[in-house]
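J.: Quick note: the sequence shown, position 60, residue 60 per UniProt numbering, numbers continuous.
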Amino acid sequence: MDDAKTSSPTTHPNQHYGHAVEKVIRRNNIGISEIARKMGVSRRSIYNWFETEKIPTDIIQRIGYVIGHDFSKEFPDELKLYTELDHLKIQSLNNFGDENSNDSVYYWMDRYIKLLENFNAILGGEHS
1 MDDAKTSSPT THPNQHYGHA VEKVIRRNNI GISEIARKMG VSRRSIYNWF
51 ETEKIPTDII QRIGYVIGHD FSKEFPDELK LYTELDHLKI QSLNNFGDEN
101 SNDSVYYWMD RYIKLLENFN AILGGEHS
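This is the structure we're talking about:
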């Protein structure tokens with residue numbers, strides 16, 4: 001069996017990142033609307049990324065997380081393998097705009113109230 005046919009795709013110096021990402025997405029049969037919703041961006045943004053020659057690595061990683069694909073196979077030199085910290089950062093970004101994430105809403109509400117209380121305490125101390 002020919003190893004070239006079974007090996008993972010890799011980039012070459014002139015590879016168009018957007019086309020490579022689009023190819024993976026199309027193969028996975030995931031809707032562009034669903035990806036856009038999970039990433040908190042418009043469908044137009046996704047299509048624009050498909051036409052972008054060099055997509056920033058953080059965007060590629062976020063797309064990969066949303067579709068459950070490790071793009072380090074396609075971009076071994078550009079992307080490091082995901083670490084647990086990368087997953088947590090991307091997940092927190094995705095949850096920020098997630099309507100179903102009540103925990104996130106309450107976290108940010110609580111955080112805002114604490115900051116506001118601290119700010120008011122500082123202002124109150126200056127006027128004394």
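The beta-carbon is built from N, C-alpha and C at its ideal position, and this holds for glycine as well.
Identify every run of the alpha helix (DSSP H) within the segment 22-87, keeping only runs that are complete inside it and at least 4 residues long; order them along the chain.
T.: Correct list: 32-39, 43-50 and 57-67.
J.: Can you tell me the Cα-Cα spacing of residue 45 and residue 59, whole angstroms?
T.: Their Cα atoms are separated by approximately 11 Å.
J.: Find the nearest neighbour of residue 72 within the set 32, 35, 50 and 24, judged by alpha-carbon distance.
T.: Ranking the options by Cα distance to residue 72, first place goes to 24.
J.: With a threshold of 6 Å on Cβ separation, who are the neighbours of residue 17 within its own chain once the five nearest residues in sequence on each side are excluded?
T.: Counting only Cβ-Cβ distances below 6 Å, and skipping sequence neighbours, we find 54 and 55.
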